[in-house]
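Colleague:
Residue numbers (the working numbering): 45 to 632.
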């Protein structure tokens with residue numbers, strides 16, 4: 045989505061709302077800006093008085109007669125007083141500028157923090173389909189670099205650009221009063237500068253946009269490789285991954301060089317135009333001074349103002365680079381914010397409390413893209429307290445079916461009922477808290493074991509956490525760790541074995557004491573001993589719970605768990621059987 049096509053985007057609403065909230069600080073910053081600007085405009089005038097009336101001995105003009113007292117004690121006291129006034133102006137101007145910079149910078153950092161919070165909240169509300177197709181590195185770049193670019197824009201543009209623009213306007217007004225002919229020479233260079241900067245900025249934005257996208261690819265590549273570093277090293281693919289990363293880095297470098305070349309061009313063009321204008325001004329001004337149309341002091345003060353005008357113009361040119369970066373970053377963030385979030389809960393949605401675990405699929409059809417269906421007219425009924433197997437080959441739609449129960453996805457047709465209530469009539473978060481979930485891929489965080497087990501129930505006591513760990517056969521190995529339940533595990537639990545990670549995930553699901561327990565191939569990646577412990581743990585907590593276990597296939601075995609139903613997913617359909625007379629085992 046282009047920002048030019050958006051009338052009032054969420055990003056703009058956030059910025060406007062923040063400016064309204066901090067209007068007192070912004071108003072105070074504006075007063076400080078005026079104070080600093082006034083001191084900047086007054087600073088050259090003592091030099092004119094010293095040059096014309098002390099060194100040249102010219103009498104004061106009638107409009108300056110109120111300053112006669114300065115010269116009644118002689119030239120040296122007058123020079124001392126005028127020099128002290130310059131120092132005082134610099135001191136007051138510096139204090140005003142400091143206060144303005146502090147207030148605006150504080151406000152910009154607060155805005156950046158709000159933007160990151162809003163973006164993070166929005167990302168969490170987006171569908172799994174979005175996260176499945178957008179690289180995480182791209183989102184990290186938007187969260188970190190793009191929000192920082194907007195913050196820097198407000199700091200740089202809000203502080204410097206506003207001040208510099210005010211200085212330019214004020215200086216041009218004074219220069220026009222001093223000598224309007226010379227002022228016309230200076231004014232004639234400004235449209236040329238504006239046209240040159242506009243063209244270069246447009247070119248710079250395209251380069252920066254490509255560079256940002258490439259940075260996202262680099263971040264995604266790093267995230268992918270570092271997340272699977274054990275696999276990379278085990279297969280001896282470090283050189284391969286290094287070459288792939290160097291290729292991405294080379295592309296990013298090429299775009300960076302293009303941006304740097306354009307940035308350098310901006311600076312050189314500004315300096316060239318400013319130097320040409322200064323030369324013409326000095327030539328024309330010297331001619332006027334020789335002819336007596338202006339005093340040498342007037343020429344001195346005009347050249348002083350000319351220097352003060354071109355310095356902020358050069359700084360504004362440099363700031364245009366940040367503006368271009370922020371413009372691109374704002375567009376990238378707005379693209380994410382414009383993506384539709386998960387459907388909101390209905391106004392009359394109810395809490396999913398005291399569920400019995402009765403699950404009904406009624407003519408459910410589902411497709412990620414709305415066209416190519418994974419499930420087609422699926423119907424089945426799981427009664428409260430039943431233990432059910434859902435089997436089928438990989439990619440057939442088993443995990444999608446689980447996502448529909450959790451309302452991670454919405455079906456295109458049909459309805460899903462839990463305890464005779466359509467899942468869409470439940471509060472989404474309440475429904476998910478009532479379901480225990482153990483995934484095939486053990487998802488753990490870089491935190492303590494206690495925090496990982498209590499992730500779904502943060503207020504749980506240590507006794508409850510230990511009880512859940514005992515049920516999952518995890519307590520013994522946890523106590524053998526250096527800090528027990530306070531042991532901090534690595535990212536994604538990399539310091540634990542596969543069986544240990546899966547048992548912690550099971551303890552996390554059991555801690556909530558959910559009426560519905562869903563296990564997505566919980567023993568597919570663990571050793572036989574760990575698998576036996578997990579099956580034993582499930583059998584021990586089965587009473588009063590509806591359990592849905594997912595796997596690829598089942599085989600008869602008189603020594604393992606039995607199921608009340610077997611749901612076989614094949615050709616987008618469900619085949620239901622109730623082999624109560626058979627003893628079956630889930631195999632992965």
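Idealized CB from N, CA, C, for every residue including glycine.
1) Following the continuous beta strand (DSSP E) through residue 564, name the residue where it begins and the one where it ends.
2) Judging by CA-CA distance, which residue of 408, 426, 384 is the nearest neighbour of residue 401?
3) Short of 8 Å in beta carbon distance, which residues of its chain neighbour residue 353, apart from the five on each side in sequence? Order them along the chain.
4) Quick one: what's got a C-beta closer than 7 Å to residue 175's C-beta in the same chain, skipping five residues either side?
5) Got a sec: is the Cβ-Cβ distance from residue 371 to anything in chain C below 8 Å?
6) Apart from the five residues on each side of it in sequence, which residues of its chain come closer than 6 Å, Cβ to Cβ, to residue 50?
7) Give the range of the beta strand (DSSP E) segment to which residue 462 is assigned.
8) Taking the alpha carbon of residue 576 as the reference point, which residue from 554, 552, 546 has its own alpha carbon closest?
9) At which residues does the beta strand (DSSP E) containing residue 296 begin and terminate?
10) Taking the alpha carbon of residue 450 as the reference point, which residue from 457, 479, 459, 456 has its own alpha carbon closest?
11) With distance defined between alpha-carbon atoms, name the residue in 79, 617, 87 nearest to residue 349.
12) Name the residue from 377, 457, 328, 357 whose alpha carbon lies nearest to the alpha carbon of residue 405.
13) Ordered along the chain, which non-local residues of its own chain (more than five positions away) have a Cβ less than 6 Å from that of residue 267?
14) Label residue 619 either buried or exposed according to how many other C-beta atoms from any shown protein chain fall within 10 Å of its C-beta, with 16 as the threshold for buried.
15) Whose CA, out of 339, 319, 295, 269, lies closest to the CA of residue 283?
16) Hey, would you say residue 616 sits closer than 8 Å to residue 385, going by beta carbons?
17) According to DSSP, simplified to helix, strand and coil, what is residue 175?
18) Are residue 345 and residue 237 close, meaning C-beta to C-beta below 8 Å?
19) Which term fits residue 493, buried or exposed, when burial requires 16 or more other beta carbons within 10 angstroms of its beta carbon?
20) By a C-beta neighbour count over all protein chains shown, 10 Å radius and 16 as the cutoff for buried, is residue 602 buried or exposed?
21) Is it true that the CB of residue 540 sits closer than 8 Å to the CB of residue 553?
22) In whole angstroms, what separates the C-alpha of residue 499 from that of residue 519?
23) Name the residue from 131, 596, 243, 126 whose alpha carbon lies nearest to the alpha carbon of residue 564.
24) Using only CA atoms, which one of 324, 372, 134, 67 lies nearest to residue 225?
25) Does the segment 520 to 539 come into contact with the segment 481 to 496, if we say contact requires no fewer than three beta-carbon pairs (one atom in each stretch) closer than 8 Å?
26) Can you tell which of 249, 389, 307 has the C-alpha that lies nearest to the C-alpha of residue 473?
27) How far does the beta strand (DSSP E) with residue 431 in it reach, from first residue to last?
28) Which of the three DSSP states is assigned to residue 246 in this structure?
29) Do residue 594 and residue 555 have their CB atoms nearer than 8 Å?
30) Specify, as a first and last residue, the run of the beta strand (DSSP E) that residue 612 falls within.
31) Thinking residue 167 and residue 447 are a contact (beta carbons under 8 Å), I'd like their distance in whole angstroms, please.
32) What's the call for residue 422, buried or exposed, on a 16-neighbour Cβ count within 10 Å?
33) To the nearest angstrom, how far is the alpha carbon of residue 642 from that of residue 290?
34) First and last residue of the beta strand (DSSP E) that includes residue 83?
35) Comparing C-alpha positions only, which one of 557, 502, 322, 252 sits nearest to residue 189?
36) Can you tell me which residues form a DSSP beta bridge with residue 590?
Modeller: Let's see:
1) From DSSP, the beta strand (DSSP E) with residue 564 extends over 560 to 564.
2) Selected option, being the one with the closest Cα: 426.
3) 211, 212, 215, 216, 219, 230, listed in sequence order.
4) Closer than 7 Å at Cβ, skipping near neighbours: no residue.
5) Looking at the structure shown, chain C is missing, and only one protein chain is on hand.
6) Because the pLDDT at residue 50 is just 41, under 50, the model does not fix this residue reliably, and the value given afterwards should be weighed accordingly. Same-chain partners within the cutoff: there are none.
7) Taken as a continuous stretch (DSSP letters only), the beta strand (DSSP E) holding residue 462 covers 457 to 462.
8) Residue 546 is the option with its Cα nearest to residue 576.
9) Premise fails: residue 296 lies in the alpha helix (DSSP H), 282 to 335, not in any beta strand (DSSP E).
10) Here the closest residue by C-alpha is 479.
11) Comparing Cα positions, the closest option is 87.
12) Of the listed residues, the one whose Cα sits closest to residue 405 is 457.
13) Excluding five sequence positions before and after residue 267, the CB atoms of its chain that fall closer than 6 Å to its own CB belong to 180, 181, given in chain order.
14) Under this definition residue 619 is an exposed residue.
15) When only C-alpha atoms are compared, the closest one is 269.
16) No, the Cβ-Cβ distance between residue 616 and residue 385 is not below 8 Å.
17) In the structure shown, residue 175 sits in a helix (DSSP, three-state: H, G or I).
18) Cβ distance not < 8 Å, so residue 345 and residue 237 don't count as in contact.
19) Residue 493 is buried by the Cβ-count criterion.
20) In this predicted model, residue 602 has a pLDDT of only 34, less than 50, meaning its place in the structure is not dependable; the value taken from the coordinates is given anyway. Burial call: exposed.
21) No. Outside cutoff.
22) The alpha-carbon of residue 499 is positioned some 17 Å away from that of residue 519.
23) Closest by C-alpha distance to residue 564, out of 131, 596, 243, 126, is 596.
24) If we check each option's Cα against that of residue 225, 324 comes out closest.
25) In the pairwise beta carbon analysis, the segment 520 to 539 is classified as touching the segment 481 to 496: at least three pairs are separated by under 8 Å.
26) Nearest to residue 473 by alpha-carbon distance, out of 249, 389, 307, is 389.
27) That run of the beta strand (DSSP E) goes 431 to 435.
28) In the structure shown, residue 246 sits in a helix (DSSP, three-state: H, G or I).
29) Taking 8 Å as the Cβ cut-off, residue 594 and residue 555 do not qualify as a contacting pair.
30) That run of the beta strand (DSSP E) goes 609 to 614.
31) Distance from residue 167 to residue 447 at the Cβ level is roughly 18 Å; contact not present, criterion being Cβ atoms closer than 8 Å.
32) Its Cβ being crowded by 16 or more others within 10 Å, residue 422 is buried.
33) A question about residue 642 goes unanswered here, because the residues of the chain that appear run from 45 up to 632.
34) Residue 83 -> not in any beta strand (DSSP E); alpha helix (DSSP H) instead, spanning 67 to 86.
35) Just measuring C-alpha positions, the residue of 557, 502, 322, 252 sitting nearest residue 189 is 252.
36) Bridge partners of residue 590: 560.
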